[in-house]
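Participant: Handing you this structure, nothing more for now.
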Amino acid sequence: MPIQPSRPTVAVDESRVAATAEGVTAAYGDHLALDRADFRIPAGARTAVIGPNGSGKTTLLRLLGHLTDPAAGRLTVLGAPPGRRRRDVAHVLQATHINEGLPLTVREVVTMGRYPHVGLLGRMGPRDRQAVDDAMDRMGIAELAGRQVVELSGGQRQRVSVAQGLAQQADLLLLDEPVTGLDVPSLAAVTGMVDDEVESGRTVVLTTHDIAEAADADHVILLATRVVASGPPDDVLTHDHLAAAYGAATFTTADGTVVIGDPHVHRRAHRH
74 MPIQPSRPTV
84 AVDESRVAAT
94 AEGVTAAYGD
104 HLALDRADFR
114 IPAGARTAVI
124 GPNGSGKTTL
134 LRLLGHLTDP
144 AAGRLTVLGA
154 PPGRRRRDVA
164 HVLQATHINE
174 GLPLTVREVV
184 TMGRYPHVGL
194 LGRMGPRDRQ
204 AVDDAMDRMG
214 IAELAGRQVV
224 ELSGGQRQRV
234 SVAQGLAQQA
244 DLLLLDEPVT
254 GLDVPSLAAV
264 TGMVDDEVES
274 GRTVVLTTHD
284 IAEAADADHV
294 ILLATRVVAS
304 GPPDDVLTHD
314 HLAAAYGAAT
324 FTTADGTVVI
334 GDPHVHRRAH
344 RH
């Protein structure tokens, strides 16, 4: 039997689609990152993208965020081809991407989330400043507004990165492994934010290595350079699909639990 998700999943409306891919291929030089991928991402839901290292998870986010162009195939995001509607897509990188050589405060980093609306040299209006304040409040970092980002812990930095994405107020929020290695307060802040975004009708796509986190999503895309499976968690996170993606790294315990990784370290599991 599948494990019970820790939160109620939303009813996915198959008629509402945030993004579609048909035969999408992406490459970096001679390296094939994503091979002829077909998938649909439902609107107003949480989609988890899972797979082993090098499976194309970050590349898929980069495609959706218009940071990488497909080498082949057709990709539509929020009803438009790549390169359009950039203000409606917020891409949150891992906090490790923050440049430690720049003496930026928390407020300055979060304010960058408004640049798609006002431009790099544009004037911030009351609505923009309110969006920044709201984003910091939601991530519990308002009291850190004047602190230098380089002075913060890893969990605090991640909350700053997420607040920057929230300040953009985009219809589609892309999160690259948003909870990896977080402390308990930061984990609660990020997961609560994702719940709130989906409840408000926005679309969230996140990458993860954690099968339990993927099982908690409304929709799952399992990658191994190609799309192994895509759909509801119970249909995707099966032994056969996981074995196809992870190979020898996937095994089944005596009680029918599918585990990814070292069989002596039962960190995360999903019953099928």
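Going by this note's numbering, the sequence shown wraps up at 345, each residue one higher than the last.
For each residue, glycine too, the CB sits at the ideal point set by N, CA and C.
Taking 8 angstroms as the threshold, find out whether the region 260 to 275 comes into contact with the region 217 to 227 through three or more Cβ pairs.
Facilitator: no
Participant: Might you give, ordered along the chain, the residues of its own chain that have their beta carbon closer than 8 angstroms to the beta carbon of Arg89, omitting 5 neighbours on each side?
Facilitator: Pro115, Ala116 and Gly117
Participant: Excluding the 5 residues preceding and the 5 following Val271 in the sequence, name in chain order all residues of the same chain whose CB lies nearer than 8 angstroms to its CB.
Facilitator: Answer for Val271: Val83, Gly117, Ala118, Arg119, Val277 and Asp291, listed in chain order.
Participant: Would you kindly work out how many angstroms separate the C-alpha atoms of Met266 and His139, rounded to a whole number?
Facilitator: 23 angstroms
Participant: When the Cβ atoms of the region 126 to 138 are set against those of the region 196 to 211, are three or more pairs found closer than 8 angstroms?
Facilitator: no
Participant: Per DSSP, Gln221 forms a beta bridge with which residues?
Facilitator: Thr178
Participant: Suppose the cutoff is 7 angstroms on Cβ atoms and the five residues either side in sequence are ignored; what does the same chain contact list for Pro176 look like?
Facilitator: Gln221
Participant: Does DSSP put Ser259 in a helix, a strand or coil?
Facilitator: helix
Participant: When we look at the beta-carbon of Glu101 and count the other beta-carbons within 10 Å, is it buried (16 or more) or exposed?
Facilitator: A small fix is needed here, since residue 101 is Tyr in this sequence, not Glu. It counts as exposed.
Participant: By how many angstroms is the C-alpha of Val293 removed from the C-alpha of Leu247?
Facilitator: 14 angstroms
Participant: Closest by CA to Asp283, which one among Asp161, Val162, Glu250 and Leu137?
Facilitator: Glu250
Participant: How long is the line joining the alpha carbons of His164 and Gln237, rounded to whole angstroms?
Facilitator: So the alpha carbons of these two residues sit roughly 9 angstroms apart.
Participant: Going by DSSP, what residues sit across from Asp15 in a beta bridge?
Facilitator: This structure does not reach residue 15, given that the chain is present from 74 up to 345, and the question cannot be answered.
Participant: Quick check: what's the CA-CA separation for Ala322 versus Asp108?
Facilitator: 22 angstroms
Participant: Just reading off the alpha helix (DSSP H) that Thr131 is part of, what are its end residues?
Facilitator: Lys130 to Leu137
Participant: From Ala144 to Gly304, what distance separates their C-alpha atoms?
Facilitator: 25 angstroms
Participant: In whole angstroms, what is the alpha-carbon distance linking Met212 and Ser226?
Facilitator: 14 angstroms
Participant: Which value, in whole angstroms, describes the spacing of the CA atoms of Pro189 and Gln241?
Facilitator: Taking the straight line from one Cα to the other gives about 7 angstroms.
Participant: Which class does Gly320 belong to by DSSP, given the choice of helix, strand or coil?
Facilitator: helix
Participant: For Leu255, which residues from the same chain have a beta carbon less than 7 angstroms from its beta carbon, with the 5 sequence-adjacent residues on both sides left out?
Facilitator: Gly228, Gln231 and Val263
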